[in-house]
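Taken in sequence, the protein lines are chains A and B.
Heads up, the first sequence is in UniProt numbering, so the first residue is 1 and it goes up one at a time.
Heads up, the second sequence is in UniProt numbering, so the first residue is 1 and it goes up one at a time.
Accompanying notes for the structure given below.
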Amino acid sequence: MDTEPVAPADEARTVAAAAAAAATTEAVARANPLRDPRDKRLPRVAGPCVLVLFGVTGDLAKRKLLPAIYDLGNRGLLPPGFSLVGFARRDWQDQDFAQLTHDAIKEHARTPFREEVWKQLREGIHFVPGEFADDGAFDALAMALKEIDETRGTGGNYAFYLSVPPKFFPKVVEQLRRTGLADAPEGSWRRVVIEKPFGHDLKSAQDLNAITSAVFPESSVFRIDHYLGKETVQNILALRFANNLFEPIWNRGYVDHAQITMAEDIGIGGRAGYYDGIGAARDVIQNHLLQLLALVAMEDPTSFDANALRREKEKVLKALRLPQDLALGTARGAYTAGWQGGEPVVGYLEEDGIPADSITETYAAVKLEIANRRWAGVPFYLRTGKRLGRRVTEVAVVFQRAPHLPFSKDDIEILGQNALVIRVQPDEGITVRFGSKVPGTAMEVRDVSMDFAYGESFLESSPEAYERLLLDVLIGDPPLFPHQREVELSWRILDPIERFWASQGQPEGYAAGTWGPASADNMMARDGRVWRRL
Amino acid sequence: MTSFMLAGTNASKISSQLTMLRHQMGAPAVGMVLTLVAICDESNQYDAVRAATDAAREHPSRIVVVIARSREEPIRLDAELRIGESAPGETILLRLYGDLTRHAESVVSPLLLPDTPVVAWWPGECPQVPAKDPIGLLAQRRITDARASADSVKAIMSRSRGYVPGDTDLAWTRITPWRSLLATAFDQPVGTVESGVVEGSPGHASAPLLAAWLSERLDAPIEIAESEGPGLTSVRLATSAGDVSVTRSDSRLATLVRPGQPDRRVALARRPTSELLAEELRRLDPDDLYGAAIRHLAD
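Quick look at the structure:
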């Protein structure tokens, strides 16, 4: 063929896509003649393995984990022989756990229910009853796993998912050590997956880490921050590093400030026991918001492998500086009774299980600066809260005003600052806000929005964060999991703030359904800025 | 779904009508990532539109369906525009009469979305060299379907003669789950493959293609045998360590057998055209492995 048709430049491929496709490396291709780095149709599939789930009756397991496992199976991403072992304090047989899984899938799975996928999954479902303190139960678990290796060919590869409160970690990890389940024989692997919270301050985070690291090497510990599994969050990397449009202005020369928000419209619900004493900052800022900040502010990594990515994130976290005066650079609040979306709701102190003298905050806002050449003098405002106006998570990079505006003052009265907004959830996408002339004879300039909706240009429904993260655990691909160093750095930021707050008595109230306490607005006003109205 | 008929029209009228419909619905034409041109006839256009609309849920596209009508009629172009609330993107059905049937590209070209990829798809019979077809020339990806040919096996065997990078055939897409499963089976060392057999229903184009791929990758002779189907039913590979096989008799659940390991059942369902198309649209760069497989098949 000499006349290869000239096609318009193939721009559909992005750096991110190329990075995602790099799953089949040269080394893999050499070992397996059927794999080829150019073969982009073949998906990344984990090797044969068992997922052991502690805490199967929990809400997370039912709503997220079990459905995510099914969705992976439905997409053909689970290896043949994949087995799922449930462990809980229930007098159950395999079929009871299978029934629970079946129901969870039917109710919560993202992809349609298919009998053949369920059959494949069902064959690998096992249940081991017992308590964490019961040696016999763990011996039974070890036996069961050995048997599964023989009947299902899973080759001694186990991932232990601890979907249980952290206070049980020491017991479970110790049991895994005692039964030898934590030690991988040559040619196989053992991994442990833990969920946030990773402690409630630096000290407890280190203690918690000491427990797991005494038994599992750091490379086998997967800390799940499900925000990092979200497509939109990973897209921050594509947006910044696959394009030439944004990077030149992504610095103090053009950016005025950034606002990172995670707002929830719900209250604490049934989580009183966990939430009181923890509060919004520990619950959300320490992990989700600081991770978002790191991704938005970091320098370009040399590659997308775990080490390079984590190194850049750590650099940013290390460069974070707290406000001089914590009273002026932070704000906190607790919701009071009010109206939320048309319904009357109670205040935080009236919630079941919350003591009337609780000083826990349900709203937290922090102003941070990054001491490096790119960001010096650009504040990053982080805020999160419960019972706010609506549920939204976004990162807004707000740009400086044009240095000179050749318009009369009246023409640009309502012109705001340019902004680039990454909408993390819901309605994932990117908005760019800029000024535009209002049609008419006058030169009136007003803000308009240009919108990219994720759901519109790509998948009808993107894979759930847990699908991606579970797959990465089974494959052993760590870039999307925070390293212990990142966890500790985040606590170093938050600990002084928490200590200061603890000395300040009860937080300021804000009516449910509004956008937080007045002190948060004042904090912005002192800098001559305002929170984005969301 | 809003639908609009234009009789005796031209490309520019279609364009302005589309703009008007979009404004009426308050939906700006953002987010569409590609133009999919389906070259059909009246008998297969319904299925093609349905599959393309389903695939557009994953890849919002402008779908342009070109239907050639009688050449004996006077020159005339009828268009049907569909903009749905249920599916993203928009569909344009073009019916061409008279000499215009030979100049379809003159209508299609102004209707392509600017600065985005173009994919041509022949759900039925396709030209000998898709890349030299006037519509194929507009596209950087060209999708054919050997199964639509009267003699599917012959069609897939001869694909390499007209092959230009950017071509693929749905017969190749159909075997992706099989290839994925077989690749998984080889992730742990198995030993050298000495020979093998691929079984499928008679006249199934995917069987020789899968055999060609295996033979090319494993450098071993792979035979093709007939079975009662449906579709592909099994792959057996004789290795120095024993047989590796995948068997599927009910077109849904397969059994994977590896030496020294227990048999395992794996979901391996046949997929509808919409899913095949969605897979095709995921990658818009040339598929070198398809090229290698059809070349090997022709040798």
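Virtual Cβ for every residue (Gly too), placed ideally from N, Cα, C.
Keep in mind the model is a prediction, meaning the values are calculated, not measured.
Please specify which runs of the alpha helix (DSSP H), each continuous and at least 4 residues long, are wholly inside the region 88-143 of chain B, giving them in chain order. 104-108
Would you mind stating whether residue 506/A and residue 359/A have Cβ atoms separated by less than 7 Å? yes
7 Å Cβ cutoff met for residue 161/A and residue 53/A: yes
Reference residue 65/B; option with closest CA among 53/B, 76/B and 73/B: 53/B
Can a CB atom of chain B be found closer than 7 Å to the CB of residue 23/A? No answer about residue 23/A holds up, because its pLDDT of 46 lies below 50 and its placement is not dependable.
Measure the alpha-carbon distance for residue 246/B versus residue 421/A and round it to whole angstroms. Residue 246/B and residue 421/A have their alpha carbons spaced roughly 49 Å apart.
Identify the continuous beta strand (DSSP E) that holds residue 367/A and give its terminal residues. 363-370
State the beta-bridge partners of residue 425/A as determined by DSSP. 393/A
For a minimum of 4 consecutive residues, which ranges assigned as the alpha helix (DSSP H) are wholly contained in the region 190-217 of chain A? 202-213
Taking the C-alpha atoms as reference points, what is the distance between residue 121/A and residue 237/B? 26 Å
Within 8 Å, do at least three Cβ pairs link the region 115-125 of chain B to the region 138-158 of chain B? Output reads yes: the region 115-125 of chain B touches the region 138-158 of chain B.
Here's the rule I'm using: 16 or more other beta-carbon atoms within 10 Å means buried, otherwise exposed. How should residue 426/A be labelled? exposed
For the beta strand (DSSP E) holding residue 486/A, just list the boundary residues, first then last. Per DSSP, residue 486/A belongs to no beta strand (DSSP E); it is in the alpha helix (DSSP H), 484-502.
Beta strand (DSSP E) containing residue 332/A: first to last residue? 330-336
Which same chain residues end up closer than 6 Å to residue 230/A when comparing Cβ atoms and leaving out the 5 residues on each side of it in sequence? 465
Grouping DSSP H, G and I as helix and E and B as strand, with all else coil, what is residue 110/A? coil
Cross-chain neighbours of residue 428/A in chain B, by beta carbon under 9 Å: Result: empty, since nearest Cβ-Cβ is about 12 Å, beyond 9 Å.
Taking 7 Å as the CB-CB cut-off, is residue 12/B touching chain A? no
Go through its chain and collect everything with a Cβ distance to residue 272/A's Cβ below 7 Å, but skip five positions before and after it. 351, 352, 353 and 354
What's the gap between the Cα of residue 300/B and the Cα of residue 61/B? This structure does not reach residue 300/B, given that chain B is present from 1 up to 299, and the question cannot be answered.
Check residue 175/A in the structure and name its three-state DSSP category. helix
Within chain B, the residues that residue 448/A reaches when beta carbons sit closer than 7 Å: Within 7 Å Cβ-Cβ: nothing; residue 448/A doesn't reach chain B, min ~12 Å.
9 Å Cβ cut-off: residues of chain B touching residue 146/A: By Cβ distance, chain B contributes nothing, its closest Cβ being about 14 Å from residue 146/A, past 9 Å.
Using the Cα positions of residue 371/A and residue 290/A, report the straight-line distance between them to the nearest angstrom. Residue 371/A and residue 290/A: Cα-Cα distance of roughly 15 Å.
Please classify residue 324/A: does DSSP put it in a helix, a strand, or coil? In this structure, DSSP gives residue 324/A a state outside helix and strand, which the three-state scheme calls coil.
Would a C-beta distance cut-off of 7 Å place residue 432/A and residue 255/A closer than the cut-off? no
Tell me the DSSP secondary structure of residue 464/A in three-state form. coil
Name the chain A residues whose beta carbon is nearer than 8 Å to that of residue 277/B? Ordered by position in chain A, no residue passes the 8 Å Cβ test against residue 277/B, which lies about 13 Å from the chain.
Check the Cβ-Cβ distances between residue 425/A and every residue of chain B, and say whether any is below 7 Å. no
Going by the beta-carbon positions, is the gap between residue 197/B and residue 223/B smaller than 7 Å? Yes, these two residues count as a Cβ contact at 7 Å.
Let me see if you follow: with CB-CB separation under 7 Å, is residue 373/B close to chain A or not? As shown, chain B starts at 1 and ends at 299. That puts residue 373/B outside it, with no answer to give.
What does a CB cutoff of less than 6 Å around residue 275/A pick up in its chain, not counting 5 residues either side in sequence? 268
Cβ contact (3+ pairs, closer than 8 Å) linking the region 238-246 of chain A and the region 492-507 of chain A: no
How would you label residue 428/A, buried or exposed, when you count the other beta carbons within 10 angstroms and need 16 or more for buried? Residue 428/A comes out buried.
From residue 6/B to residue 78/B, what does the alpha carbon distance come to, in whole angstroms? 6 Å
For residue 221/A and residue 212/A, I'd like the C-alpha separation in whole angstroms. Note on geometry: alpha-carbon atoms of residue 221/A and residue 212/A lie some 8 Å from one another.
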